[in-house]
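Chemist:
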Amino acid sequence: MPLFDQFRGRRKSDSDPLANALADRSAALLERFDALVDALPVGVIVVGDDGRVTVFNPAAAEIFAVPRERAIGRTLIESVRSFELDRRLSNALRSGIEQTAELTHNVGSERRLEVTTRPLRGSELPREAVAVVHDITRVRELESIRRDFVSNVSHELRTPLTSVKIIVETLQGGVDAATQAEFLNDIARETDRMIALVGDLLGLAKLESGAPASPFGPVDLCEVCREVVATQALRAKQLNIDLQVRTPDDPIEIEGERTRLVQVVVNLLDNALRVTQPGGHVKVGVKRDDGHAQLYVSDDGPGIPSSALPHIFERFYVVDRSRARSATGTGLGLAIVKHIIELHAASVTVESELGVGTTFRCRFKIKI
Amino acid sequence: MGRENFHRILDETQQDVLRLGSLVEDATAKSVDALTRSDVKLADEICEGDDIVDDLCVRIETNCLNLLALQQPMASDLRTIAAMLDIIIDLERIGDHACDIAQITKNLATEPQLKPFIDIPLMATNAREMLRESLDAFAQHNADIAHKVPQKDDEVDRLYRAVFKELIEFMAKDPRAIGRGSNLILVALYLERIADHATNICERVVYMVEGVPKHLKRSVVEINQAIGQSEGLSTRSLGETAAS
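Protein chains in written order, with the working numbering: chain A, 27 to 394; chain B, 1305 to 1548.
Structure below.
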């Protein structure tokens, strides 16, 4: 019989007040024990001597996507089909072995689990074993993102620094005036790249620190779009990309911080221009939409895989690292966009189809 | 061996079948994961794990034969034992296919990737889902689930055709891609076979529960009619593939 279960459902005796008091006390303890296990944020599974599950808390049910009713009373392998977990619990039960391991378990998507299995010491015979399961999927994802980010930033900083070093060494060796001017331009360009990267990092840190923004004021989104497109027109032309801006004649005003809204359009447009092939098209525009202002940036680039869509606004997430590296992406642009949009109590969404293109839409409340 | 002992061993053997299913399901997932990430270490682990699959198969088979020889089971118990003897053959083959994919991963590890992996991981996801549900049907002795699972095989077949056609086009354009392309066609074929094995398991579950043998996999002609297009492949060549 599982731990404590000998006290469950015990009937009260009419003639023995002490037994009744003990039964009440046991019932209260059991209730407290159940509530405690249910409240734990980690999965807890207990199997009895016969291998059947006696405790399966809500966190375990969520981690393994198995309803508690389906797990209780059955052997673990019948409900949670994890050979490794089953084997480790069996080892704990039969041989008293305590183990901690990282397992993968797939229930629709892959989950990384840190599982500790051990015999329940101190319990009376028959024996029981417990598995404590931490879902560390998110932790592993963040570690991976951090590694990618460090790798990206290191690369992005090292590349221009290496260029600058080589150019400086060449200049020290002595070159003619024309070459000197050309090299100085190269140094300026590489320095700009580094400043942009450091600027992105600082900008994001500032946004995340919750530092107060400048006071909001009326901002005409049409004018913001036209201004940003004008600054990028030459670049688009050099890339042979057709860049169009579509705004109504009347202004569409929202309450916001102009500098940061400009940065939203700059980041979205910069992304679009980086992924669009020569001969492609990029559109930037604003329109009224059901009492809201909708700012959109669309391209007919390669599109974003559906598996990447839920992650693109995460800090440091890069859809295709090799592509981003070649095109100077840091993985910060969209995270900055998301923060600024949230600052304006607005929303940003993305639609994308592989081989067709991508559209980002930001939806703001119109200033009344 | 008393009757109580008989039911205990029968229960334990059914749990062993589920353990075997869990192992090969995991191996299938890892094999495609190793392929897409060119992870040779993981591929090695998958091949090493095949020994556990074989040992488990022997244990289940021995238990089933002992039960048959010593207990003369009847009715549903007899059908359950007969079903398990069939199911472990399918599961063992799935384990072999996972190992085959791992071997291809090792072969391709030093070669540049031919194309982004899109349809093959999708095939693997569908095939694994079918396998998981077929094992759910077995675990719960549920013929309704078993009847539904084979319907998903059409999608796996469609993806197989798409991968096959695309890779043939790659190889026709660039003969240097023939080695990599033919290996990837084999991977797609193994995944298509895994889905077929899941359908076989469902057929055994239906027999186990209802006592009537049923053929759940649709014929090639029915599949072609459902898809409504040949996509450049003759019925004959598809028939040969499906029967391989």
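No residue lacks a Cβ here, since even glycine has one placed at the ideal position from N, Cα and C.
Give me the residue from 1518(B), 1313(B), 1342(B) and 1385(B) with the minimum Cα distance to residue 1420(B).
Modeler: Of the candidates 1518(B), 1313(B), 1342(B) and 1385(B), the one whose C-alpha sits nearest the C-alpha of residue 1420(B) is 1342(B).
Chemist: Run through DSSP, which three-state label would residue 1511(B) get?
Modeler: Three-state DSSP puts residue 1511(B) in a helix.
Chemist: For the putative contact between residue 250(A) and residue 271(A), defined by C-beta atoms under 8 Å, what is the C-beta separation to the nearest angstrom?
Modeler: Between residue 271(A) and residue 250(A) the Cβ distance is about 10 Å, and since that is not below 8 Å, they are no contact.
Chemist: What are the uninterrupted segments assigned as beta strand (DSSP E) that are 3 or more residues long and contained completely in the region 1385 to 1445 of chain B, given in chain order?
Modeler: DSSP runs (the beta strand (DSSP E)) wholly in the region 1385 to 1445 of chain B: none.
Chemist: Could you tell me whether the Cβ atoms of residue 1357(B) and residue 1389(B) are closer together than 8 Å?
Modeler: Cβ distance not < 8 Å, so residue 1357(B) and residue 1389(B) don't count as in contact.
Chemist: Going by other Cβ atoms of all chains shown within 10 Å of its Cβ, with 16 needed for buried, is residue 1482(B) buried or exposed?
Modeler: The residue in question, residue 1482(B), is exposed, as its Cβ has fewer than 16 Cβ neighbours within 10 Å.
Chemist: Could you please give the first and the last residue of the uninterrupted beta strand (DSSP E) stretch that includes residue 315(A)?
Modeler: Per DSSP, residue 315(A) belongs to the beta strand (DSSP E) from 307 to 315.
Chemist: What residue range is occupied by the uninterrupted beta strand (DSSP E) comprising residue 1549(B)?
Modeler: Any answer about residue 1549(B) is impossible in this case: the structure gives chain B only from 1305 up to 1548.
Chemist: Taking only three categories from DSSP, how would you classify residue 134(A)?
Modeler: Note: residue 134(A) maps to coil in three-state DSSP.
Chemist: For residue 399(A), report the span of its beta strand (DSSP E) as first-last.
Modeler: An answer regarding residue 399(A) cannot be provided, because it is not within the stretch 27 to 394 covered by chain A.
Chemist: Which same chain residues, not among the five before or five after residue 1475(B), have their C-beta less than 8 Å away from its C-beta?
Modeler: Same-chain partners within the cutoff: 1481, 1482, 1485 and 1486.
Chemist: Would you give the residue range spanned by the beta strand (DSSP E) that residue 116(A) belongs to?
Modeler: No beta strand (DSSP E) contains residue 116(A), which is instead part of the alpha helix (DSSP H) from 109 to 121.
Chemist: List the endpoints of the continuous beta strand (DSSP E) containing residue 245(A).
Modeler: Note, residue 245(A): beta strand (DSSP E), 243 to 246.
Chemist: Using CA atoms only, rank isn't needed, just tell me which of 102(A), 180(A), 241(A) and 363(A) is closest to residue 229(A).
Modeler: With distances taken between Cα atoms, residue 229(A) lies closest to 363(A).
Chemist: Measuring CB atoms only, is the region 1430 to 1449 of chain B touching the region 1329 to 1340 of chain B, in the sense that at least three cross pairs come out at less than 8 Å?
Modeler: Segments in contact, yes.
Chemist: Looking only at its chain, what residues have a beta carbon closer than 7 Å to the beta carbon of residue 153(A), apart from the 5 residues adjacent to it on each side?
Modeler: Same-chain partners within the cutoff: 75, 119 and 145.
Chemist: Under 7 Å from any heavy atom of the ligand ZN, does the C-beta of residue 362(A) make it?
Modeler: The ligand ZN is absent from the structure shown, which contains no ligand whatsoever.
Chemist: Is there a Cβ of chain B sitting closer than 8 Å to that of residue 384(A), yes or no?
Modeler: Closer than 8 Å: no.
Chemist: Less than 8 Å between C-beta atoms, sequence neighbours within five positions excluded: which residues of the same chain meet that for residue 206(A)?
Modeler: Contacts found: 197.
Chemist: Which residue's Cα is closest to the Cα of residue 89(A): 240(A), 158(A) and 215(A)?
Modeler: Ranking 240(A), 158(A) and 215(A) by Cα distance to residue 89(A) puts 158(A) first.
Chemist: So, using beta-carbon positions, are residue 267(A) and residue 306(A) closer together than 8 Å?
Modeler: Their beta carbons are under 8 Å apart, which means residue 267(A) touches residue 306(A) by this criterion.
Chemist: Based on the DSSP secondary-structure assignment, which residues constitute the bridge partners of residue 143(A)?
Modeler: According to DSSP, which records beta bridges pairwise, residue 143(A) is partnered with 125(A) and 157(A).
Chemist: Exposed or buried, which one is residue 382(A) when buried takes at least 16 other CB atoms within 10 Å?
Modeler: Residue 382(A) is exposed by the Cβ-count criterion.
Chemist: If we call anything under 8 Å between Cβ atoms a contact, is residue 278(A) one with residue 310(A)?
Modeler: No, they are not a contact pair.
Chemist: Comparing the C-beta of residue 1458(B) with each C-beta of chain A, is any distance below 8 Å?
Modeler: By this cut-off, residue 1458(B) is not an interface position.
Chemist: To the nearest whole angstrom, what separates the beta carbons of residue 287(A) and residue 345(A), a pair I think is in contact under 8 Å?
Modeler: Rounded, the Cβ-Cβ distance is 25 Å, inconsistent with contact.
Chemist: When you compare only the Cα positions, how much space is there between residue 48(A) and residue 41(A)?
Modeler: Using only the alpha carbons, I get a separation of about 13 Å.
Chemist: Which residues, taken in chain order from the region 94 to 114 of chain A, show a beta carbon closer than 7 Å to some beta carbon of chain B?
Modeler: Correct list: 101, 103, 104, 107, 108, 109 and 112.
Chemist: Based on DSSP bridge pairs, tell me the residues matched to residue 268(A).
Modeler: Partner(s): 307(A).
Chemist: Could you tell me which chain B residues have their CB closer than 9 Å to the CB of residue 266(A), listed as they occur along the chain?
Modeler: Within chain B, no residue comes near residue 266(A); the closest Cβ sits about 25 Å away, beyond 9 Å.
Chemist: Checking the sheet assignment: what are the DSSP bridge partners for residue 322(A)?
Modeler: For residue 322(A), which the question treats as bridged, DSSP gives the partners 311(A) and 387(A).
Chemist: Would you mind sorting residue 289(A) into buried or exposed? The rule is 16 or more other CB atoms within 10 Å of its CB.
Modeler: Its Cβ being crowded by 16 or more others within 10 Å, residue 289(A) is buried.
Chemist: Who are the Cβ neighbours of residue 1386(B) in its own chain at under 7 Å, not counting the five residues just before and after it?
Modeler: Answer for residue 1386(B): no residue qualifies.
Chemist: Pair every Cβ in the region 1311 to 1325 of chain B with every Cβ in the region 312 to 329 of chain A, then say whether three or more of these pairs are closer than 8 Å.
Modeler: Segments in contact, no.
Chemist: Classify residue 241(A): buried if its beta carbon has 16 or more other beta carbons within 10 angstroms, exposed otherwise.
Modeler: Its Cβ having fewer than 16 others within 10 Å, residue 241(A) is exposed.
Chemist: Nearest by alpha-carbon distance to residue 325(A): which of 308(A), 333(A), 334(A) and 331(A) is it?
Modeler: It is 308(A) whose Cα lies nearest to the Cα of residue 325(A).
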